[in-house]
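Report on the structure given below.
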């Protein structure tokens, strides 16, 4: 990847083209993200850019966490993430990465934590089909059915599609198009939906071709 930024999902809306076409977009409040550290191959073994997002109070951080912010000369942040960019020559510790690194028409990947749905059955979680609602099936129309276990091995094998916790997983939606960049409001308008609930933190980077 060549450019990246941290943001917060604000919600969805729609924009209209001059031809009157409706485009559904997700509004992401992205940056400004201070550059806390630039890792190099010589010193750290790999090259990466460490960005912060969302100013935090000093009392909510530990002394080691505060130390790296003071060393960089930036205010403490609630979110701190690394990005392995291809070229770090144009970046400098203490400066900020803003939404203007992207432009309308860019293709990006958005990574976030998907919405949690709690304990969910097999129909909603795995898109399974319900059992027949005929005589003899019993009140188990939405259950997964037989697991095929007999006296040997007398257990249910792991990794079967069963009820359980659904959602709240690290998810990436790739190859989304940026419709508009609002530099004044630090907002990106991305075509389509992105992972996570409104207010959740997401990372945006250019799509690797």
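Numbering (this note's numbering), first residue to last: 375 to 583. Using N, Cα and C, we set each Cβ at its ideal position, and we do this for glycine too.
Under the three-state DSSP convention, the category residue i falls into
i           : result
residue 465 : coil
residue 397 : strand
residue 422 : strand
residue 441 : helix
residue 565 : strand
residue 380 : strand
residue 415 : helix
Nearest-angstrom Cα separation, counted from residue j out to residue i
i           : j           : result
residue 355 : residue 450 : Residue 355 lies beyond the range of the chain shown here (375 to 583); nothing can be said about it.
residue 379 : residue 520 : 48 Å
residue 458 : residue 413 : 9 Å
residue 545 : residue 440 : 30 Å
residue 529 : residue 522 : 9 Å
residue 524 : residue 531 : 12 Å
residue 446 : residue 555 : 28 Å
residue 463 : residue 383 : 29 Å
Integer-rounded CB distance, given that residue j should sit under 8 Å from residue i
i           : j           : result
residue 548 : residue 483 : 5 Å
residue 553 : residue 564 : 7 Å
residue 426 : residue 408 : 5 Å
residue 580 : residue 481 : 7 Å
(message) Using 8 Å as the cut-off, can you tell me whether the region 485–492 makes contact with the region 568–581, which would need three or more C-beta pairs spanning the two stretches below that distance?
(response) yes
(message) Whether or not the region 466–483 and the region 401–415 are in contact is what I'm after, with contact meaning three or more pairs of Cβ atoms, one per stretch, closer than 8 Å; do they touch?
(response) yes
(request) Enumerate, from N- to C-terminal direction, the unbroken alpha helix (DSSP H) stretches of 4 or more residues contained entirely within the region 470–540. (result) 496–500
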